[in-house]
Structures are given as structure tokens and as C-alpha cells.
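In my numbering, the protein residues as written are 40 to 410.
#1: When DSSP labels each residue in this structure, what does residue 251 get in the three-state scheme?
#2: Just to confirm before moving on: does the CB-CB distance between residue 163 and residue 187 stay below 7 Å?
#3: Look up residue 319 in the DSSP assignment and say whether it is helix, strand or coil.
#4: Rounded to whole angstroms, what is the Cα-Cα separation between residue 119 and residue 360?
#5: Find out if the Cβ-Cβ distance for the pair residue 298, residue 323 is shorter than 7 Å.
#6: So, for residue 76: in the same chain, excluding its five sequence neighbours on each side, which residues have a beta-carbon less than 7 Å away from its beta-carbon?
#7: Please state the DSSP three-state secondary structure of residue 99.
#8: Within a Cβ cutoff of 7 Å, which residues of the same chain sit near residue 365, ignoring the five residues on either side of it in sequence?
#9: Just to confirm, is the Cβ distance from residue 57 to residue 102 under 7 Å?
#10: What residue from 114, 110, 59 and 111 has the CA that sits closest to residue 87's CA?
#11: Enumerate, from N- to C-terminal direction, the unbroken beta strand (DSSP E) stretches of 3 or more residues contained entirely within the region 222–288.
#12: Considering just the uninterrupted stretch of the beta strand (DSSP E) at residue 302, what are its terminal residues?
#13: Assign residue 54 to one of two classes, buried (16 or more other C-beta atoms within 10 Å of its C-beta) or exposed (fewer than that).
#14: Whole angstroms is fine: what's the gap from residue 419's alpha carbon to residue 196's?
#15: Counting only the same chain and skipping the five closest in sequence on each side, list residues whose C-beta sits under 7 Å from that of residue 372.
#16: If you measure between the beta carbons of residue 325 and residue 309, is that distance less than 7 Å?
#17: Give the DSSP bridge partners of residue 155, in chain order.
#18: Do three or more CB pairs link the region 209–219 to the region 244–251 at distances below 8 Å?
#19: Which runs of the beta strand (DSSP E), 3 residues or longer, sit entirely within the region 168–233?
#20: To the nearest angstrom, report how far apart residue 376 and residue 276 are at their CA atoms.
#21: Between the C-alpha atoms of residue 205 and residue 129, what's the straight-line distance to the nearest angstrom?
#22: With respect to the alpha helix (DSSP H) encompassing residue 51, which residues constitute its N-terminal and C-terminal limits?
#23: Quick check on the DSSP output: the alpha helix (DSSP H) that includes residue 65 runs from which residue to which?
#24: State the DSSP-derived secondary structure class of residue 330, mapped to helix, strand or coil.
#25: With DSSP run on the structure shown, which of helix, strand or coil describes residue 393?
#26: Could you say if the region 223–239 and the region 259–278 meet the contact criterion of at least three C-beta pairs nearer than 8 Å?
#27: Measure the beta-carbon distance from residue 48 to residue 378 and round it to whole angstroms, keeping in mind my assumption that it falls under 8 Å.
#28: Going by DSSP, which residues form a beta bridge with residue 166?
#29: From this set, 113, 121 and 51, which residue's C-alpha is nearest residue 145's C-alpha?
#30: Span of the beta strand (DSSP E) holding residue 143?
#31: Expressed to the nearest angstrom, what Euclidean distance is found between the alpha-carbon atoms of residue 159 and residue 73?
#32: Along the chain, where does the alpha helix (DSSP H) containing residue 352 start, and where does it finish?
#33: Under 6 Å Cβ to Cβ from residue 374, same chain only, skipping five residues before and after it: list those, please.
#34: Look at the alpha carbon of residue 256 and the alpha carbon of residue 214, and state the distance between them as a whole number of angstroms.
#35: Taking Cβ to Cβ, would you say residue 109 is nearer than 7 Å to residue 126?
#36: Just checking my contact of residue 161 with residue 135 at CB under 8 Å: how many whole Å lie between their CB atoms?
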């Protein structure tokens, strides 16, 4: 089988349906929520979801970090890099309209959706509460947290997994199923792809509370991750979890230290990428390569609501580029930055797919000798 038959990316994560609503300060105070924070569902948020579901939402779209990454990776792979093939996404939803919507939207965008359907748990939801330019996320994972080993072992899932250039998950998704993630990585480590290359495993660090609260549970997982992607705050939290003092190191030194000194099974070259908002992206590898890549300017006045998913967009485009142009870190970061800027400016549901909208990206891509 030729390399043309490889999948660019296999994503295993928690699918959610994002429900975006406007709220006031009183609403946040009622549920003891802070602006620009993320929370996991508990009984105290039951009436919050009842209220959110009863409102007219600003938008409703498939969410969960991994699914956003998969959707943008598919967009970049097909529309920017102009390659054939499909990203595979694996997760669990309920037997309800929310699960149907998650599947239908992602499949319409070209993602191969392998979804386990729970008979007794509803599809996961995420309330995205906008307050001015701030947003607060409350995730109700429900069925999303119950992806079974039997489904992951099914022939349809394994057929895709065997051909994936990169396997991707998130720290948050791994917390509730550490052993499942370790089995996923172990099987990946023993696999040689049809083109003779090694399959790599990548992870998004998720929000800071995951590493603060559950970092110790992920130590064994992190030691087997080939590509680590996180924002400045997340990477610094990872450093603190490792009992380093990030405030004593510049960002580039910190990223290099994680790439070269954090526990690793040396399956390949480890790569660590730190995004920093409007500041240049930083990357480092375990073989000593480092670099900075400028970000793409965003439209003045872009709402922070739209920025929700920018980090996932960066990860998706970065990984698609890595699968297509293996090892060129600067190019991968540049394409990730392009995707993040598009999401901030226009939203994840309106990424360009027409010739006019893609013209500049295609011209840039040809200059990079990637199309």
C-alpha cells in the first residue's frame, strides 16, 4: 500500500455539542463562575443547562477540543494542502438529536466519524457563556466520557488506526481513561506504517486546570507523547507539574527544556510547540532544533467568542501540515497560525472552501513548496 492511502490523522477524544449564549454578570455570579475559565459539570450546574437549552442560542456547533482539531485538520488537508484522504475521529455520543448533529456536521466536512452510540447516556454538551469579550465554558461530558475499549478495538476503528500518520488526543480526554490512552499509545509504538515510517502520538495540553488537578495521573502518558501542543499558560503548568520553575526561564528555554529533559521513551524526535497569543509561536525538539514563528494578524475588533477554538484550529492545521510535510516545524507552525487567525476572524464553521477564499492560502502554500 502506498503512502497515498495513509490517513493524515486519527483523533480519539470527547465529542460535545457547543451551545453558545449571551449571559450577564448576575448569571455568572449565580453559578459561582469566573470569566474565561472552564468547568466540568456537577449537580450545581443542572439548572444552568436547563436555562441555556431554553434560550435562543447564538450558535450551536460540534465541539470538544479534539473534534475541532479534527475538523480543521480535515479542512487544511483537503482545501489548503490539496491532499486526498480523511481524518478519522473516534468518540462516544448518545442516541439523540445532539449526537446526530455532531455526526452530520463533521461528516459533511469530510471527517470520517466512528462514533459509539450509548443507549443510556445523552450526548455531551458544552455551555459557552459569553459575557462581553469573555467566555466561560461548562462541559457536561455525559456519554463522551464512556468510550469503550470494545468500540476502540472494533475492526472499523482499528482499520483506520493502523493507517494514521499521527494519533491525537487531549490531556482532558485522557484523564478519565488513562489506561485506554496508554493502550492506544502502546499499540501505536509497535506499528510501522505502510510507507515505512513510525506512527507518532500527539497531545493537546487542554486547559490549565487539567494539569493542576490531574497532572500526576498523566505522567505515564506524557512520557510517550511525541508532539506536545499547548499555549503559554498550559506549557508553564506542565513545567510546574514537573517541579520546574517556569518563571525563571524564558519561554524558548522552557520549551527546549521540556523537549529535551522531560521523561520520554525516545520513540522518535520529540517536538514541543508553545502558542503565545499575539506573540510569536515557539517550538523546540529533542534533537536541539528551536525556532520562533510570527503569528498572523487578526481583524481589529474580532470578538473573543470567535477565538474559542483558535488553539484547536492551530493544532489541527499544524498536524495536517506535519503529516504532509513531515518535520518542517516552521511551515507547520505557519499553517497553524493561518488557521487560528481564520477562526478568530471568521469562526470555525466558515473556513473558506471556495477558490476565491483559498486563493491567498494556495499562493502562500506554493511558495512554501507544500502544495
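Glycine included, each C-beta is placed from N, C-alpha and C at the ideal position.
Please read all numbers here as calculations on a predicted model, not as lab measurements.
Answer, in terms of the structure:
#1: Residue state, collapsed to three classes: helix.
#2: no
#3: DSSP places residue 319 within a strand segment (E or B) once states are collapsed to three.
#4: Taking the CA atoms as reference points, residue 119 sits about 9 Å from residue 360.
#5: Against a cut-off of 7 Å, the Cβ pair of residue 323 and residue 298 comes out as a contact.
#6: Within the same chain, residue 76 has close Cβ partners 175.
#7: It is a strand residue.
#8: none
#9: With contacts defined by Cβ atoms closer than 7 Å, residue 57 and residue 102 form a contacting pair.
#10: 59
#11: 239–243 and 266–270
#12: Per DSSP, residue 302 belongs to no beta strand (DSSP E) and is neither H nor E.
#13: By the 10 Å Cβ count, residue 54 comes out buried.
#14: Summary: the structure shown does not reach residue 419, with the chain confined to residues 40 through 410, and so no result is reported for it.
#15: 312, 320, 322, 332 and 357
#16: yes
#17: Per DSSP, the beta bridge partners of residue 155 are 131.
#18: yes
#19: For the region 168–233, whole beta strand (DSSP E) runs of length 3 or above, ordered along the chain, are 173–179 and 203–209.
#20: 22 Å
#21: In this structure, the alpha-carbon of residue 205 lies about 14 Å from that of residue 129.
#22: DSSP places residue 51 in no alpha helix (DSSP H) but in the uninterrupted beta strand (DSSP E) bounded by 46–51.
#23: 64–69
#24: strand
#25: coil
#26: Cβ pair count under 8 Å is three or more, so yes.
#27: Beta-carbon to beta-carbon, residue 48 and residue 378 are separated by about 14 Å, too far to satisfy the 8 Å threshold.
#28: 58 and 177
#29: 113
#30: No beta strand (DSSP E) contains residue 143, which is instead part of the alpha helix (DSSP H) from 136–147.
#31: Residue 73 has its alpha-carbon roughly 32 Å from the corresponding atom of residue 159.
#32: 349–363
#33: Non-local C-beta neighbours of residue 374 in its own chain, meaning closer than 6 Å and more than five positions away in sequence, comprise 356 and 360, ordered along the chain.
#34: Looking at the two C-alpha atoms, the distance is approximately 7 Å.
#35: yes
#36: 6 Å
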